[in-house]
Every structure is written in structure tokens, then in C-alpha cells.
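**Q**
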Amino acid sequence: NAGVTQTPKFHILKIGQSMTLQCTQDMNHNYMYWYRQDPGMGLKLIYYSVGAGITDKGEVPNGYNVSRSTTEDFPLRLELAAPSQTSVYFCASSRDRGYGYTFGSGTRLTVV
Amino acid sequence: GQQLNQSPQSMFIQEGEDVSMNCTSSSIFNTWLWYKQDPGEGPVLLIALYKAGELTSNGRLTAQFGITRKDSFLNISASIPSDVGIYFCAGQNSGGSNYKLTFGKGTLLTVNP
């Protein structure tokens, strides 16, 4: 079982560039989430989805976009990268509300 | 929004010692979860608590769901070097639309062999 797979593991992006962080899960989970983790700040929710075709903003959505065309995939898009978006990004999924999350191993992004 | 205060922020202990960390919230939760994050990896679920007053163990780990539903603690007994990592508490309300996890800022645990 692969669980939640994130790609790439590392990336360096120039200011103003765009990129998509990929996330896919093979557990047929309805709920998927994107978090960013900054040192000493815990995990902040960027966007989440309760099923294919349904997405909603989390706590820190500015500068990001998401789509959920299939149950398996939940890509995160950065349109105009800024240094403040330097962070470690985690994708997670859960079977339903009330269940714990399964996390991917993260994407470490540096914007220079 | 809901806030979780997790303490301590960091701990430096000797191998074999017991560890205790806790989380308090400004509002109640239906579920408390404890995660561990190893360096370079995503958080992994350790223990899930679903009922106020519940005490659950997973090997050397024991966690409790506070009876007020606003707090939880995690104990690690007889620590070993592989216990090193960041421990996160998380609270969740499974009713209505407010079911997302709220995370504490983490406790960084260092174990000296």
C-alpha cells in the first residue's frame, strides 16, 4: 500500500514562477487536505476537499489553488511564487470525518 | 478559530526517563489525536481518543482525553533514542462542517543515549 504519495520531495522555485505540487492517495479516501509546516508553527491548513469536485479554503489559502477532479488526486498550485511560500508542504487524507489523517512524506519547497 | 496550546515546546531527556506532554484548548473537541513526526517525514498517527475520560495505551505510550474535553496528555515511558521527533496533538469535531483537525505547534523531543 502506497498510502499518500507526494511529488516532488524537494524543489527550488524562483520568485514569480509557478508550479504544482502533486498528491495522490490509493486508499479511496473522500477527504483530502493540504498543510504547510513552518518551523515552530505547527501545521496550517491551506485547502481541503470532501470529495471529487468539491474544495474549500482553509486557514492560509492566499497564493494557492487546488482542484479535485478525481478521488485519488489533489494537486496544489502556486501561481506566482513568493519567498513567504518557502515551507514544507504536506498532503493528507482521511476516510471520513471523525477519523485521523494519513500524511504524505512532504514536499520541501524553497522560493528564491 | 480554535486554538491549541501544546507544552512543552521542547524537551531534552536521558534515555530511560519518562516523558509527559499536554495540550489544552479554548474550546471542546470530540476527538483528540496524537501524532509523531520523524525528521524528513510526515506525521504518523500514534493514538486516537474518542471519548472524554478515555485512557488509551500503545506500547510505551499512554494518552488521555480530558474529562472537560478541552485537554489531552501523552506520556512516554522508558524513553529510547528512536523516540526522538516532534509530537503533535490535534483536536477534531466530527459534527457539522467543523470537522477539520486543529494542530498544536508540537513538542520537540530529544533523547540523549
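If you're matching them up, the sequences are chains B and H in order. For the first sequence, the residue numbers in this note's numbering are 1 to 112. For the second sequence, the residue numbers in this note's numbering are 1001 to 1113. Glycine is no exception: its CB is placed at the ideal position from the N, C-alpha and C atoms.
Assuming H:LEU1109 and H:ASP1083 make a contact with CB atoms under 8 Å, what is their CB distance in whole Å?
**A** Stepping through the second sequence from its first residue, residue 1109 of chain H is reached at position 109. Stepping through the second sequence from its first residue, residue 1083 of chain H is reached at position 83. At roughly 6 Å, the Cβ-Cβ gap stays under 8 Å, so H:LEU1109 and H:ASP1083 are in contact.
**Q** Looking at the strands, I want to know which residues DSSP matches up with H:TYR1035.
**A** By 1-based counting over the second sequence, the position of residue 1035 of chain H is 35. DSSP, once it has assigned bridges, lists H:LEU1045, H:PHE1088 as partnering H:TYR1035.
**Q** What residue range does the beta strand (DSSP E) around H:LEU1061 cover?
**A** As a first step, residue 1061 of chain H must be located in the second sequence, where it is residue number 61. Element bounds for H:LEU1061: 1061-1065.
**Q** Is the Cβ of B:TYR47 closer than 8 Å to any Cβ of chain H?
**A** Walking along the first sequence from the start, residue 47 of chain B turns up at place 47. Not closer than 8 Å to any Cβ of chain H, the Cβ of B:TYR47 fails to qualify, so no.
**Q** Taking only beta-carbon atoms, is B:LEU43 less than 8 Å away from chain H?
**A** Taking the first residue of the first sequence as 1, we reach residue 43 of chain B at position 43. True, the Cβ-Cβ gap to chain H drops below 8 Å.
**Q** Within the chosen definition, does the segment 25-38 of chain B reach the segment 47-56 of chain B through at least 3 CB pairs nearer than 8 Å?
**A** Yes, since at least three Cβ pairs between the segment 25-38 of chain B and the segment 47-56 of chain B fall closer than 8 Å, the two stretches touch.
**Q** Which residue marks the beginning of the beta strand (DSSP E) containing B:ASN65, and which one marks its end?
**A** For this step, residue 65 of chain B is matched to residue 65 along the first sequence. It spans 64-66 - the beta strand (DSSP E) in which B:ASN65 sits, taken as one unbroken run.
**Q** Do we get a CB-CB distance below 8 Å when we pair H:PRO1039 with the residues of chain B?
**A** The residue you call residue 1039 of chain H lines up with position 39 of the second sequence. Answer no: the Cβ-Cβ gap between H:PRO1039 and chain B never drops below 8 Å.
**Q** Per DSSP, what are the beta-bridge partners of B:HIS11 in this structure?
**A** The count along the first sequence starts at 1 and reaches residue 11 of chain B at position 11. B:HIS11 pairs with B:LEU109.
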